[in-house]
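Undergrad: Provided herewith is a single structure, encoded as structure tokens, for subsequent inquiry.
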Amino acid sequence: MQHKHSKDGSRPDDPAMAEIHSQLATQENVLCVLTVDLNPQLRFAPGLLVLTQQRLLAKNEQGDWSSWPIRDAAGVALPGLALHHFDHAGVGTLELLDGASAPTQRLASWRFTLGANVQALRLLRLFAQQQAPVRASAPDDDELPLCPECDLPLPPDSDECPACAHQVHTPPSTWVLLRLWRFAKPYRFQLLTGFLLTLASTAATLVPPYLTIPLMDEVLIPFQNGQQIDPAKVGLILGALLGAAVLGWALNWARTYLLALVSERIGADLRTATFEHLLDLSLDYFGGKRTGDLMSRIGSESDRICVFLSLHALDFATDVLMIGMTAVILFSINPWLALVTLLPLPFIGWMIHIVRDKLRTGFEKIDRVWSDVTSVLADTIPGIRVVKAFAQEKREAQRFRVANQLNLAVNDKLNKTWSLFTPTVSLLTEIGLLVVWAFGIWLMSKQQITVGVLTAFIAYIGRFYGRLDSMSRIVSVTQKAASGAKRIFDILDHVSNVPEPAQPVKIGNLKGGIEMKGLGFRYGNRSVIRGLDLQIHPGEMIGLVGHSGSGKSTLVNLLCRFYDVSDGAIVVDGTDIRRFAVADYRRHIGLVLQEPFLFFGTIAENIAYGKPGATRAEIVAAARAAHAHEFILRLPQAYDSLVGERGQGLSGGERQRISIARALLIDPRILILDEATSSVDTETEKEIQKALDNLVQGRTTIAIAHRLSTLRKADRLVVMDRGQVVEVGPHDELMAKQGHYWRLYEAQLRQVDTEGDDTGAADSQIASAAAQLAHTAQHAPQQAGSV
Amino acid sequence: MTDFNSTPGPDFRLARLASGHLQFTGLDGEVHEGVTPVRAFPLAAPDEGISLVSTDGHELAWIAQLQDLPAAQRALLQEELALRDFVPEIRRLKSVSSFGTPSQWAVETDRGETTFILKGEEDIRRLGHGALLIAGSEGVQYSIADMAALDRGSRRLLERFL
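Protein chains in written order, with our numbering: chain A, 187 to 973; chain B, 3 to 164.
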């Protein structure tokens with residue numbers, strides 16, 4: 187992507203630009219052009235908004251221009267004029283307000299879908315610059331190369347804008363199955379051998395019907411006419427028949443075995459590639475997909491493709507060969523009879539084509555419905571405690587039944603077409619045979635052919651139509667495999683929202699200084715973080731506080747690069763984190779979560795998860811530092827004890843300490859504690875706190891906690907509210923300020939006084955909700971009794 | 003605590019300011035500028051449960067039924083809500099760039115013609131009774147009131163994604 191310095195972002199030869207220029211006075215320059223795509227009534231209609239040094243011009247959908255001066259005749263910016271921007275439900279709005287007169291007046295407003303949002307923000311910024319005193323007209327703006335798309339400064343040694351690079355939407359091509367070639371290519375020599383074997387074995391199977399001609403004409407018919415049978419001739423023919431059969435068998439075995447091996451390998455490669463790609467995708471992909479669906483894609487779909495390649499595709503290739511060779515043989519014996527024999531073929535081909543479309547969409551639908559069925563399982567089984575606790579077994583069963591019913595209905599609909607298909611092909615076969623018989627008898631009566639030729643034709647055509655029948659089956663299996671392949675390539679084609687940079691910056695020694703500049707993040711159309719600026723020094727401990735939903739966890743997710751920011755940038759040690767290789771960057775981040783996840787394996791393996799080459803001594807040292815060593819030794823197999831997927835058999839605090847040891851072992855420069863102690867009791871918290879104190883030393887730490895008491899050691903506290911930083915400073919300073927933090931702290935203190943336990947703001951909300959629940963529960967029996 | 007059956011008499015006043023914002027005046031005389039009405043159930047019951055939220059995100063009033071409001075206030079609210087209810091209803095699918103996703107859709111809506119990108123099949127949400135809600139990549143939601151009511155060509159295109 188090359189960057190242009192032209193401020194309006196479009197080429198001068200553009201007719202739209204020419205029209206804009208016709209509106210301008212001399213000496214008036216365009217600063218920014220915004221194409222809006224909605225009119226005030228929120229209908230899709232094109233419009234333009236143009237900012238110059240003197241005016242704001244707008245063109246509506248009828249092509250009429252209107253303008254508002256932003257400076258007076260003397261060139262001084264009009265006071266009170268302001269441009270407001272906000273967005274909701276995917277619609278952005280710019281409002282021009284005049285605050286000079288007593289009540290603020292709205293002069294005009296424009297609306298657009300969020301595709302134009304970046305440009306709108308640029309217009310907003312340039313407008314503000316125009317309004318500001320002249321001396322502040324940002325001289326650095328011309329020096330820093332800016333991305334032409336989004337107006338962010340480009341990294342000093344690169345033309346690629348980190349923010350725009352990932353907004354690529356290229357739809358995949360439709361011919362999916364051919365794309366499997368990428369996986370078949372490493373096995374092309376085996377595939378070629380397999381093909382040659384197929385050719386040979388098909389030829390071998392075509393020999394026997396041909397031998398019926400001499401058997402009829404030279405042995406059986408003469409015998410019927412009173413001649414003797416020649417044993418030598420009969421022996422020769424029967425021997426040839428046996429030989430052809432044995433040869434066919436051997437060749438068939440060889441190619442089936444070879445191709446089955448190859449297709450199994452292709453299937454395995456496909457599975458591995460898909461899973462590896464899946465792991466590279468960003469978290470929001472997993473948020474949007476259901477586990478059951480992804481599991482079925484990688485598991486059964488790849489298996490289906492494998493079966494298709496090893497069985498059906500192979501059979502189909504053989505069939506095509508067989509038909510081709512048979513046709514050649516038939517024509518060489520008798521062209522006329524051959525013609526009549528092959529006549530129904532185009533008709534059947536046409537029929538197959540008609541049904542194909544119906545079946546393909548049908549099978550795609552079945553797949554989707556099928557993953558709905560598995561999704562119900564994937565939802566219910568992990569949540570079984572909740573299901574049982576609320577006694578909703580019947581409801582879940584009903585949900586499954588509905589999904590299954592839908593599956594049934596879709597299948598029924600498809601089967602209507604499908605079931606008609608095979609019998610029709612059979613019927614056509616019978617009719618074809620009939621035609622051959624009739625035409626053959628007529629030809630024989632004209633002395634054109636012998637009995638032997640007719641029998642050979644009937645023998646060939648029996649196989650021939652038999653193959654057509656099985657070929658018609660290929661339609662459905664190909665479609666099934668194609669839809670499976672499409673669903674797999676959907677994963678493979680998905681570009682990670684957290685893209686790897688083309689030329690990653692190597693991370694040497696990370697100091698851990700973090701700077702967040704104008705950070706914005708949007709989840710779907712909801713903006714979670716906006717305009718956030720924060721600077722964190724290397725080795726500093728920051729406590730993030732705020733109500734739940736204030737954007738703390740999102741900020742942490744952005745810092746870990748689980749998602750990429752929508753606006754602005756996160757800069758670590760002077761480099762935008764989008765310019766580091768993702769894995770390289772994350773290696774320097776230690777993350778301790780509220781719900782520690784332990785993988786199936788031993789405790790030692792779980793501690794060494796982030797550093798598989800760790801020595802036993804390192805593992806033990808990390809466990810000691812995390813205050814986990816002693817309880818681990820109390821387990822029957824100590825460090826070799828197995829823990830399950832949710833760490834059954836270990837308490838919450840114990841699991842948490844294992845995960846702290848895990849973070850300690852990789853020795854990260856940046857440490858993130860996301861509610862590390864909120865799921866455990868106060869006593870355990872003290873244990874964990876001791877472990878954490880070891881962990882925090884000398885690292886840049888960002889800790890989120892509900893209980894403000896856990897953040898006592900933080901150098902600075904950052905208070906967030908609805909996606910923005912509202913206060914920053916040490917505890918004492920913020921207390922003295924009596925602002926947001928003070929209110930949060932006081933609220934918690936009150937909780938401590940009344941309940942003797944330190945619960946956070948959100949905890950208190952939960953507590954009051956729980957109290958209300960208890961209240962309703964007391965009344966419930968009375969109500970139930972009165973019914 | 004919360005009374006779930008509170009009758010929403012006119013215990014507040016709404017007015018539109020010259021700035022285009024809504025002004026809310028509570029019973030206690032407290033004035034809030036720039037309040038936004040938010041539907042609690044935009045899909046299931048749009049006219050039931052509307053919350054008036056202040057600029058700092060706190061609920062000022064709860065309207066159980068839009069119908070219960072005096073006409074003038076209701077008109078004001080509906081006017082404001084109309085701007086927030088931007089969910090173009092798809093009348094016809096003109097074309098889709100591919101049956102795999104991401105796929106660019108060209109559609110005719112009740113608000114004019116447009117195109118959007120469907121990022122994945124899971125962005126199509128079924129609402130029951132043949133109604134669909136489709137999330138475009140730019141955050142705009144598109145609705146289809148009744149799949150069966152679409153024309154044949156549109157239905158055929160749509161079916162490939164369902």
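Idealized CB from N, CA, C, for every residue including glycine.
Just so you know, these numbers come straight off a predicted model, no measurement behind them.
Going along chain B in order, which residues have a C-beta closer than 9 angstroms to the C-beta of residue 292 of chain A?
TA: Residue numbering aside, residue 292 of chain A sits at position 106 when the first sequence is read from its first letter. By Cβ distance, chain B contributes 19, 20, 21, 22, 23.
Undergrad: DSSP on residue 888 of chain A, reduced to helix/strand/coil?
TA: In the first sequence, residue 888 of chain A corresponds to position 702, counting from 1. Reduced to three states, the DSSP call for residue 888 of chain A is strand.
Undergrad: To be precise: take each residue of the region 574-602 of chain A, compare its Cβ to all Cβ atoms of chain B, and keep it if any distance is under 8 angstroms. Which residues remain?
TA: For the region 574-602 of chain A, which is checked against every Cβ of chain B, not one residue is closer than 8 angstroms.
Undergrad: With 9 angstroms as the threshold, decide whether the Cβ of residue 676 of chain A is near any Cβ in chain B.
TA: Position 490 of the first sequence holds residue 676 of chain A. Output row for residue 676 of chain A: interface = yes.
Undergrad: Using a Cβ cut-off of 8 angstroms, pull out every chain A residue sitting near residue 135 of chain B, in sequence order please.
TA: Working through the second sequence from its first residue, we reach residue 135 of chain B at position 133. The premise fails here: residue 135 of chain B is roughly 12 angstroms from chain A at the closest Cβ pair, so nothing lies under 8 angstroms.
Undergrad: Nearest chain B C-beta to residue 328 of chain A closer than 9 angstroms, yes or no?
TA: Looking up residue 328 of chain A in the first sequence gives position 142. Only weak support is given to the placement of residue 328 of chain A: the predicted model assigns it a pLDDT of 42, under 50, and the question is left unresolved by the model.
Undergrad: Could you tell me how far apart the beta carbons of residue 449 of chain A and residue 495 of chain A are, in whole angstroms, since I believe they sit closer than 8 angstroms?
TA: Counting from one through the first sequence, the residue named residue 449 of chain A turns up at place 263. Counting from one through the first sequence, the residue named residue 495 of chain A turns up at place 309. Right, their Cβ atoms sit about 4 angstroms apart.
Undergrad: Check for me: the beta strand (DSSP E) holding residue 635 of chain A runs from which residue to which?
TA: The residue you call residue 635 of chain A lines up with position 449 of the first sequence. Taken as a continuous stretch (DSSP letters only), residue 635 of chain A belongs to no beta strand (DSSP E), as it is neither H nor E.
Undergrad: Taking the beta carbon of residue 913 of chain A as the centre, do at least 16 other beta carbons fall within 10 Å, making it buried, or is it exposed?
TA: If you number the first sequence from 1, residue 913 of chain A lands on position 727. By the neighbour-count rule (16 or more Cβ atoms within 10 Å), residue 913 of chain A is buried.
Undergrad: Along chain B, which residues have their Cβ under 8 angstroms away from the Cβ of residue 766 of chain A?
TA: The residue given as residue 766 of chain A occupies position 580 in the first sequence. Result: empty, since nearest Cβ-Cβ is about 26 angstroms, beyond 8 angstroms.
Undergrad: Could you check the C-alpha separation between residue 49 of chain B and residue 218 of chain A for me, to the nearest Å?
TA: Within the second sequence, numbered from 1, the residue matching residue 49 of chain B stands at position 47. Within the first sequence, numbered from 1, the residue matching residue 218 of chain A stands at position 32. Using only the alpha carbons, I get a separation of about 41 angstroms.
Undergrad: Residues of chain B with CB closer than 9 angstroms to the CB of residue 289 of chain A, please, in chain order.
TA: Locating residue 289 of chain A in the first sequence gives position 103, where the first residue counts as 1. By Cβ distance, chain B contributes 19, 20, 21.
Undergrad: Give me the Cβ distance between residue 922 of chain A and residue 730 of chain A, rounded to the nearest whole Å; I'm assuming they're in contact under 8 angstroms.
TA: Residue mapping note: residue 922 of chain A aligns to position 736 of the first sequence, counting from 1. Residue mapping note: residue 730 of chain A aligns to position 544 of the first sequence, counting from 1. About 20 angstroms separates the two Cβ atoms, so there is no contact after all.
Undergrad: So what does DSSP say about residue 501 of chain A, is it helix, strand or coil?
TA: As a working note, residue 501 of chain A is residue 315 in the first sequence. Here residue 501 of chain A sits in helix by DSSP.
Undergrad: Here's a check: name, in chain order, each residue in its chain whose Cβ is nearer than 8 angstroms to the Cβ of residue 294 of chain A, leaving out the five neighbours to either side.
TA: On the first sequence, position 108 is the one that residue 294 of chain A refers to. Answer for residue 294 of chain A: 244, 252, 254, 281, 282, listed in chain order.
Undergrad: Which of the three DSSP states is assigned to residue 277 of chain A in this structure?
TA: Counted from its first residue, the first sequence places residue 277 of chain A at position 91. In this structure, residue 277 of chain A counts as strand in the three-state DSSP scheme.
Undergrad: Along the region 219-244 of chain A, where does the CB come closer than 7 angstroms to a CB of chain B? Name the residues.
TA: Going along the region 219-244 of chain A in chain order, one finds 228, 229, 230, 231 with a Cβ nearer than 7 angstroms to chain B.
Undergrad: Do you know how far the Cα of residue 100 of chain B is from the Cα of residue 387 of chain A?
TA: Residue mapping note: residue 387 of chain A aligns to position 201 of the first sequence, counting from 1. Residue mapping note: residue 100 of chain B aligns to position 98 of the second sequence, counting from 1. In a straight line, the C-alpha of residue 387 of chain A is about 40 angstroms away from that of residue 100 of chain B.
Undergrad: Looking at residue 758 of chain A and residue 789 of chain A, is the spacing between their C-beta atoms short of 9 angstroms?
TA: For this step, residue 789 of chain A is matched to residue 603 along the first sequence. For this step, residue 758 of chain A is matched to residue 572 along the first sequence. For residue 789 of chain A and residue 758 of chain A, no; Cβs fall outside 9 angstroms.
Undergrad: With DSSP as the reference, identify every bridge partner of residue 804 of chain A, one or two as the case may be.
TA: Numbered from 1 along the first sequence, position 618 holds the residue referred to as residue 804 of chain A. None; residue 804 of chain A has no bridge partner.
Undergrad: Pick helix, strand or coil for residue 746 of chain A, following the three-state DSSP scheme.
TA: Here residue 746 of chain A corresponds to residue number 560 of the first sequence, with the count starting at 1. In the structure shown, residue 746 of chain A sits in coil (DSSP, three-state: anything other than H, G, I, E or B).
Undergrad: Does the Cβ of residue 607 of chain A have 16 or more other Cβ atoms within 10 Å, making it buried, or fewer, making it exposed?
TA: Position 421 of the first sequence, counted from the first residue, corresponds to residue 607 of chain A. Buried, since its Cβ has 16 or more Cβ neighbours within 10 Å.
Undergrad: So if I threshold CB-CB distances at 9 angstroms, which residues from the region 122-154 of chain B count as touching chain A?
TA: So the list reads 122, 123, 124, 125, 137, 138, 139, 140, 141, 142, 143, given in the order they occur along the chain.
Undergrad: Residues of the region 69-95 of chain B in Cβ contact with chain A at a cutoff of 9 angstroms, in chain order, please.
TA: Within the region 69-95 of chain B, the qualifying residues are 84, 85, 86, 87, 88, 89, 90.
Undergrad: My guess is that residue 849 of chain A and residue 776 of chain A are in contact by the Cβ rule of under 8 angstroms, so how many angstroms apart are they, rounded?
TA: Position 663 of the first sequence holds residue 849 of chain A. Position 590 of the first sequence holds residue 776 of chain A. Residue 849 of chain A to residue 776 of chain A, Cβ: 4 angstroms. Contact.
Undergrad: Given this structure, state the Cα-to-Cα distance separating residue 614 of chain A from residue 530 of chain A, to the nearest angstrom.
TA: Along the first sequence, one-based indexing puts residue 614 of chain A at 428. Along the first sequence, one-based indexing puts residue 530 of chain A at 344. Near 7 angstroms, if we compare the C-alpha coordinates of residue 530 of chain A and residue 614 of chain A.
Undergrad: Step through the CB atoms of chain B and report whether any lies within less than 9 angstroms of the CB of residue 664 of chain A.
TA: To locate residue 664 of chain A, count along the first sequence from 1; it is residue 478. No, its Cβ sits nowhere closer than 9 angstroms to a Cβ of chain B.
Undergrad: Would you mind giving the Cβ-Cβ distance between residue 905 of chain A and residue 926 of chain A, rounded to the nearest angstrom? I have them listed as a contact below 8 angstroms.
TA: Taking the first residue of the first sequence as position 1, residue 905 of chain A is located at position 719. Taking the first residue of the first sequence as position 1, residue 926 of chain A is located at position 740. With 8 angstroms as the limit, residue 905 of chain A and residue 926 of chain A qualify as a contact, their Cβ atoms being about 5 angstroms apart.
Undergrad: Could you check how far apart the C-beta atoms of residue 844 of chain A and residue 784 of chain A are, in whole angstroms? I think they sit under 8 angstroms.
TA: Translated into positions along the first sequence, residue 844 of chain A becomes position 658. Translated into positions along the first sequence, residue 784 of chain A becomes position 598. Contact flag correct, Cβ pair sits at about 7 angstroms.
Undergrad: I believe residue 112 of chain B touches residue 133 of chain B by the beta-carbon criterion, under 8 angstroms. Please report the beta-carbon distance rounded to the nearest angstrom.
TA: Position 110 of the second sequence holds residue 112 of chain B. Position 131 of the second sequence holds residue 133 of chain B. Going by Cβ atoms, the distance from residue 112 of chain B to residue 133 of chain B rounds to 14 angstroms, so no, they are not a contact pair.
Undergrad: Given that a residue counts as buried once 16 or more other Cβ atoms are within 10 Å of its Cβ, and exposed if not, what is residue 276 of chain A?
TA: One-based indexing of the first sequence puts residue 276 of chain A at position 90. It counts as buried.
Undergrad: Per DSSP, what kind of secondary structure is residue 726 of chain A in: helix, strand or coil?
TA: Looking up residue 726 of chain A in the first sequence gives position 540. In this structure, residue 726 of chain A counts as coil in the three-state DSSP scheme.
Undergrad: I need the boundaries of the alpha helix (DSSP H) containing residue 389 of chain A, first residue and last residue.
TA: Taking the first residue of the first sequence as position 1, residue 389 of chain A is located at position 203. Its alpha helix (DSSP H) spans residues 374-400.
Undergrad: Thinking just about the alpha-carbon of each residue, which of A:398, A:532, A:447, A:514 is nearest to the one in residue 425 of chain A?
TA: Within the first sequence, residue 425 of chain A is the residue found at index 239, counting from 1. Measuring from the Cα of residue 425 of chain A, the nearest candidate turns out to be A:398.
Undergrad: Tell me the DSSP secondary structure of residue 615 of chain A in three-state form.
TA: Walking along the first sequence from the start, residue 615 of chain A turns up at place 429. Residue state, collapsed to three classes: helix.
Undergrad: Within its chain, find whatever has a CB closer than 6 angstroms to the CB of residue 858 of chain A; leave out the 5 residues flanking it on each side and keep chain order.
TA: The residue given as residue 858 of chain A occupies position 672 in the first sequence. These residues qualify, in order along the chain: 742, 777, 888.
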